[in-house]
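Chemist: First the structure, which I've put down as C-alpha coordinates, then a few questions once you've had a look.
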Amino acid sequence: MPQVNTGDFRKGIKVTLDDEPYEMIECNFVKPGKGQALYKTKLRNLLKGTILDRTYKSGDSLEGADVHRGDGQYLYRDASGYVFMDNESYEQHTLEADVCGDQIAFLLEGAPVGMLYWNGQLISMTPPQHVVLEVTHTEPAAKGNTATNVTKPATVETGAEVQVPAFIKEGDKLKIDAEAGTYIERVRE
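My numbering numbers the first residue of the sequence shown as 2 and each following residue consecutively.
Shown next, in the form of C-alpha coordinates:
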(Lines of atoms letter the chains of each structure in order from A; the text may use other names.)
(Lines give C-alpha, C1' and ligand atoms only; values in the text may rest on other atoms or scores of the structure.)
Protein backbone atom coordinates (compact mmCIF):
# COMPACT_ATOMS: atom_id res chain seq x y z
CA MET A 2 0.00 0.00 0.00
CA PRO A 3 1.15 3.58 -0.58
CA GLN A 4 2.54 5.70 2.22
CA VAL A 5 0.38 8.49 3.66
CA ASN A 6 2.47 11.56 4.57
CA THR A 7 1.56 13.81 7.49
CA GLY A 8 0.58 16.56 5.06
CA ASP A 9 -2.18 14.23 3.78
CA PHE A 10 -3.56 13.39 7.27
CA ARG A 11 -7.26 14.18 7.59
CA LYS A 12 -10.36 12.77 9.21
CA GLY A 13 -11.58 9.58 7.53
CA ILE A 14 -8.34 8.25 6.03
CA LYS A 15 -7.51 4.58 6.63
CA VAL A 16 -4.01 3.57 7.73
CA THR A 17 -2.24 0.46 8.98
CA LEU A 18 -0.57 0.37 12.42
CA ASP A 19 0.87 -2.82 13.91
CA ASP A 20 -0.65 -4.83 11.02
CA GLU A 21 -4.20 -3.68 11.83
CA PRO A 22 -6.46 -1.18 10.02
CA TYR A 23 -7.26 2.15 11.68
CA GLU A 24 -9.46 5.07 10.68
CA MET A 25 -8.34 8.58 11.56
CA ILE A 26 -11.24 10.14 13.47
CA GLU A 27 -9.46 13.36 14.43
CA CYS A 28 -6.37 15.21 13.23
CA ASN A 29 -5.08 18.51 14.63
CA PHE A 30 -2.11 20.44 13.28
CA VAL A 31 -0.01 22.06 16.04
CA LYS A 32 2.85 24.48 15.37
CA PRO A 33 4.71 25.17 18.59
CA GLY A 34 6.77 28.37 18.94
CA LYS A 35 10.01 26.44 18.50
CA GLY A 36 10.66 23.17 16.78
CA GLN A 37 8.89 21.00 14.30
CA ALA A 38 5.16 21.01 13.46
CA LEU A 39 3.12 18.23 15.06
CA TYR A 40 0.02 16.30 14.02
CA LYS A 41 -2.06 15.11 16.98
CA THR A 42 -4.37 12.30 15.87
CA LYS A 43 -7.04 9.98 17.22
CA LEU A 44 -7.21 6.63 15.45
CA ARG A 45 -10.00 4.03 15.77
CA ASN A 46 -9.10 0.37 15.29
CA LEU A 47 -11.50 -1.02 12.66
CA LEU A 48 -11.24 -4.57 14.05
CA LYS A 49 -11.60 -3.91 17.79
CA GLY A 50 -13.11 -0.42 18.00
CA THR A 51 -10.40 0.81 20.39
CA ILE A 52 -9.10 4.39 20.10
CA LEU A 53 -5.45 5.46 20.11
CA ASP A 54 -4.01 8.95 20.57
CA ARG A 55 -0.83 9.38 18.54
CA THR A 56 1.35 12.39 17.73
CA TYR A 57 3.42 12.54 14.55
CA LYS A 58 6.12 14.98 13.46
CA SER A 59 5.95 16.75 10.15
CA GLY A 60 7.64 14.51 7.58
CA ASP A 61 6.49 11.22 9.18
CA SER A 62 4.37 8.80 7.18
CA LEU A 63 2.09 5.82 7.76
CA GLU A 64 1.18 2.92 5.50
CA GLY A 65 -2.25 3.26 3.89
CA ALA A 66 -4.75 0.48 4.64
CA ASP A 67 -6.41 -1.55 1.89
CA VAL A 68 -9.94 -0.82 3.14
CA HIS A 69 -12.98 -0.48 0.92
CA ARG A 70 -16.75 -0.42 1.30
CA GLY A 71 -19.35 -2.40 -0.59
CA ASP A 72 -23.05 -3.14 -0.62
CA GLY A 73 -24.45 -6.41 0.58
CA GLN A 74 -27.34 -8.07 2.30
CA TYR A 75 -27.93 -10.02 5.48
CA LEU A 76 -28.80 -13.64 4.68
CA TYR A 77 -29.16 -15.69 7.85
CA ARG A 78 -27.63 -16.75 11.16
CA ASP A 79 -25.80 -20.06 11.54
CA ALA A 80 -23.72 -21.70 14.28
CA SER A 81 -20.58 -19.71 13.44
CA GLY A 82 -22.24 -16.27 13.23
CA TYR A 83 -24.17 -14.08 10.80
CA VAL A 84 -23.89 -14.64 7.05
CA PHE A 85 -23.82 -11.75 4.58
CA MET A 86 -23.64 -11.70 0.78
CA ASP A 87 -21.67 -9.21 -1.32
CA ASN A 88 -24.02 -7.75 -3.98
CA GLU A 89 -21.25 -7.50 -6.60
CA SER A 90 -19.43 -10.83 -6.31
CA TYR A 91 -22.25 -12.84 -4.63
CA GLU A 92 -19.64 -14.19 -2.20
CA GLN A 93 -20.87 -15.09 1.27
CA HIS A 94 -19.00 -13.89 4.37
CA THR A 95 -19.59 -14.69 8.05
CA LEU A 96 -19.20 -12.26 10.96
CA GLU A 97 -19.28 -13.20 14.63
CA ALA A 98 -22.06 -11.81 16.81
CA ASP A 99 -19.77 -9.50 18.83
CA VAL A 100 -18.49 -7.88 15.60
CA CYS A 101 -22.06 -7.18 14.38
CA GLY A 102 -23.12 -5.54 17.63
CA ASP A 103 -26.66 -4.89 18.82
CA GLN A 104 -27.84 -3.57 15.43
CA ILE A 105 -28.12 -7.11 14.04
CA ALA A 106 -31.18 -7.61 16.27
CA PHE A 107 -33.17 -5.27 14.00
CA LEU A 108 -32.33 -6.91 10.65
CA LEU A 109 -34.66 -9.22 8.77
CA GLU A 110 -33.25 -11.78 6.36
CA GLY A 111 -32.59 -10.06 3.02
CA ALA A 112 -32.02 -6.60 4.58
CA PRO A 113 -29.49 -4.38 2.79
CA VAL A 114 -26.26 -3.60 4.68
CA GLY A 115 -23.02 -1.72 4.09
CA MET A 116 -19.96 -3.96 4.22
CA LEU A 117 -16.39 -2.96 5.12
CA TYR A 118 -13.48 -5.03 3.80
CA TRP A 119 -9.79 -5.05 4.77
CA ASN A 120 -7.37 -7.00 2.59
CA GLY A 121 -10.34 -8.70 0.93
CA GLN A 122 -11.83 -9.90 4.25
CA LEU A 123 -15.14 -8.65 5.67
CA ILE A 124 -14.43 -6.90 8.99
CA SER A 125 -17.72 -5.13 9.75
CA MET A 126 -21.23 -4.35 8.55
CA THR A 127 -23.40 -1.25 8.81
CA PRO A 128 -27.19 -1.68 8.98
CA PRO A 129 -29.57 0.64 7.14
CA GLN A 130 -30.26 3.78 9.16
CA HIS A 131 -33.97 2.98 9.58
CA VAL A 132 -35.90 -0.30 9.40
CA VAL A 133 -39.65 -0.97 9.39
CA LEU A 134 -40.71 -3.88 11.58
CA GLU A 135 -44.04 -5.25 12.78
CA VAL A 136 -44.89 -5.50 16.48
CA THR A 137 -45.48 -9.16 17.43
CA HIS A 138 -46.11 -8.66 21.15
CA THR A 139 -46.87 -5.77 23.50
CA GLU A 140 -49.16 -5.21 26.45
CA PRO A 141 -52.34 -3.17 25.85
CA ALA A 142 -52.25 0.46 27.04
CA ALA A 143 -53.68 1.18 30.47
CA LYS A 144 -56.90 3.18 30.25
CA GLY A 145 -56.32 6.88 30.80
CA ASN A 146 -52.54 6.47 30.56
CA THR A 147 -52.15 7.54 26.93
CA ALA A 148 -52.00 11.34 27.24
CA THR A 149 -48.47 11.56 28.66
CA ASN A 150 -45.16 10.24 27.36
CA VAL A 151 -45.61 6.78 28.86
CA THR A 152 -43.62 4.02 27.14
CA LYS A 153 -43.81 0.27 27.25
CA PRO A 154 -41.71 -2.58 25.82
CA ALA A 155 -42.71 -4.10 22.48
CA THR A 156 -41.26 -7.14 20.73
CA VAL A 157 -40.81 -6.80 16.96
CA GLU A 158 -40.73 -9.55 14.32
CA THR A 159 -36.95 -10.04 14.62
CA GLY A 160 -37.30 -10.82 18.33
CA ALA A 161 -35.73 -7.53 19.47
CA GLU A 162 -37.38 -5.42 22.14
CA VAL A 163 -37.87 -1.66 21.81
CA GLN A 164 -39.50 0.99 24.03
CA VAL A 165 -42.61 2.41 22.32
CA PRO A 166 -45.41 4.87 23.21
CA ALA A 167 -48.42 3.44 25.04
CA PHE A 168 -50.76 3.69 21.99
CA ILE A 169 -48.78 1.09 19.96
CA LYS A 170 -50.53 -2.27 19.62
CA GLU A 171 -49.71 -5.69 18.14
CA GLY A 172 -49.65 -5.68 14.35
CA ASP A 173 -48.52 -2.04 14.06
CA LYS A 174 -45.54 -1.38 11.81
CA LEU A 175 -42.82 0.76 13.37
CA LYS A 176 -39.95 2.76 11.93
CA ILE A 177 -36.91 2.03 14.11
CA ASP A 178 -33.43 3.56 14.20
CA ALA A 179 -31.35 0.39 13.69
CA GLU A 180 -28.12 1.81 15.12
CA ALA A 181 -29.61 3.18 18.34
CA GLY A 182 -32.40 0.60 18.62
CA THR A 183 -35.01 3.29 19.28
CA TYR A 184 -38.58 3.89 18.12
CA ILE A 185 -39.04 6.73 15.60
CA GLU A 186 -42.66 6.56 14.45
CA ARG A 187 -45.59 4.34 13.59
CA VAL A 188 -45.85 3.63 9.85
CA ARG A 189 -49.29 3.95 8.27
CA GLU A 190 -49.99 1.79 5.26
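Glycine residues also receive a C-beta, built at the ideal position from the N, C-alpha and C atoms. The model shown is predicted, which means the values in this text are computed figures rather than measured ones.
I'd like to know whether the C-beta atoms of residue 68 and residue 118 end up nearer to each other than 8 Å.
Modeler: In this structure, residue 68 places its C-beta atom within 8 Å of the C-beta atom of residue 118.
Chemist: Between which residues of its own chain and residue 137 is the CB-CB distance below 6 Å, once the five residues before and five after are set aside?
Modeler: 156 and 158
Chemist: Mind checking which residues open and close the alpha helix (DSSP H) that includes residue 66?
Modeler: Per DSSP, residue 66 belongs to no alpha helix (DSSP H) and is neither H nor E.
Chemist: Residue 155 lies in the beta strand (DSSP E); which residues open and close that run?
Modeler: 152 to 157
Chemist: Report the rounded CA-to-CA distance for residue 24 versus residue 35, giving the unit in angstroms.
Modeler: 30 Å
Chemist: Suppose the cutoff is 6 Å on Cβ atoms and the five residues either side in sequence are ignored; what does the same chain contact list for residue 57 look like?
Modeler: Once the five neighbours on either side are set aside, the close Cβ partners of residue 57 are 7 and 40.
Chemist: Which term fits residue 48, buried or exposed, when burial requires 16 or more other beta carbons within 10 angstroms of its beta carbon?
Modeler: exposed
Chemist: Using the rule of at least 16 other Cβ atoms within 10 Å of the residue's Cβ for burial, across every protein chain shown, is residue 128 buried or exposed?
Modeler: buried
Chemist: Hey, how far is the Cα of residue 59 from the Cα of residue 31?
Modeler: When the Cα atoms are used, residue 59 and residue 31 turn out to be separated by approximately 10 Å.
Chemist: So the candidates are 99, 177 and 97; which of them puts its Cα closest to the Cα of residue 134?
Modeler: 177
Chemist: How would you call residue 44, buried or exposed, if buried means at least 16 neighbouring beta carbons within 10 angstroms?
Modeler: Answer is buried; the Cβ neighbour count reaches 16.
Chemist: In the DSSP assignment, what residue or residues form a beta bridge with residue 71?
Modeler: 116
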